[in-house]
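As structure tokens, the structure follows; a few thoughts come after it.
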Amino acid sequence: YNRGAAIANADVYCFLQDDDIPNDRGWGKRVMSLFDSFRKQRLAVVSGLATEVCQSEWGEAQVEHPKAMKNPRVTRRIPYAYRGVPFAFATEAWLAPLCVRADVWADLGGFDESLALSGEPGIGL
15 YNRGAAIANA DVYCFLQDDD IPNDRGWGKR VMSLFDSFRK QRLAVVSGLA
65 TEVCQSEWGE AQVEHPKAMK NPRVTRRIPY AYRGVPFAFA TEAWLAPLCV
115 RADVWADLGG FDESLALSGE PGIGL
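In this text, residue positions in the sequence shown follow the working numbering: the first is 15, and each later residue adds one.
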């Protein structure tokens, strides 16, 4: 991720993994609309439609995870929408899909790759 961002030339970096498939062509415009609309509130990161808020998992739809999962829990539906897009300010964001304002990325110095856990996908943030 850090190497890709280092050579990118954009206002926003979007990180996708192999199973992240945007469901329509307008997703990028909606991401930019959220950044523009909430600039005064300092919105810097937009994650996919699943995240954690106060240790509760929220998503696009309610999902009951299998009990065999490492941390089985219920994903609660995001109760808010901004112009029809499920939206909430969150305390945590999962790695992908993830869009970050380039200026904030530069200020933070990218992902701290020392936080990656052996055998786990992605980087813990």
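All residues carry an ideal CB built from backbone N, CA and C; glycine is no exception.
Here the structure is a predicted model, which means the values were calculated and not measured.
In angstroms with no decimal places, state the Cα-to-Cα distance between residue i and residue j.
{"i": "Gly18", "j": "Lys43", "result": "21 angstroms"}
{"i": "Leu48", "j": "Gly40", "result": "13 angstroms"}
{"i": "Gly62", "j": "Leu30", "result": "10 angstroms"}
{"i": "Ala20", "j": "Asp126", "result": "14 angstroms"}
{"i": "Asp34", "j": "Asn16", "result": "19 angstroms"}
{"i": "Val26", "j": "Trp119", "result": "9 angstroms"}
{"i": "Asp121", "j": "Pro36", "result": "28 angstroms"}
{"i": "Gly7", "j": "Met46", "result": "The first residue shown for the chain is 15 and the last is 139, placing residue 7 beyond what the model contains."}
{"i": "Asn23", "j": "Cys113", "result": "14 angstroms"}
{"i": "Ala102", "j": "Ser51", "result": "13 angstroms"}
Would the beta-carbon of residue i fall within 9 angstroms of that of residue j?
{"i": "Pro100", "j": "Cys28", "result": "no"}
{"i": "Val59", "j": "Arg115", "result": "yes"}
{"i": "Glu71", "j": "Arg56", "result": "no"}
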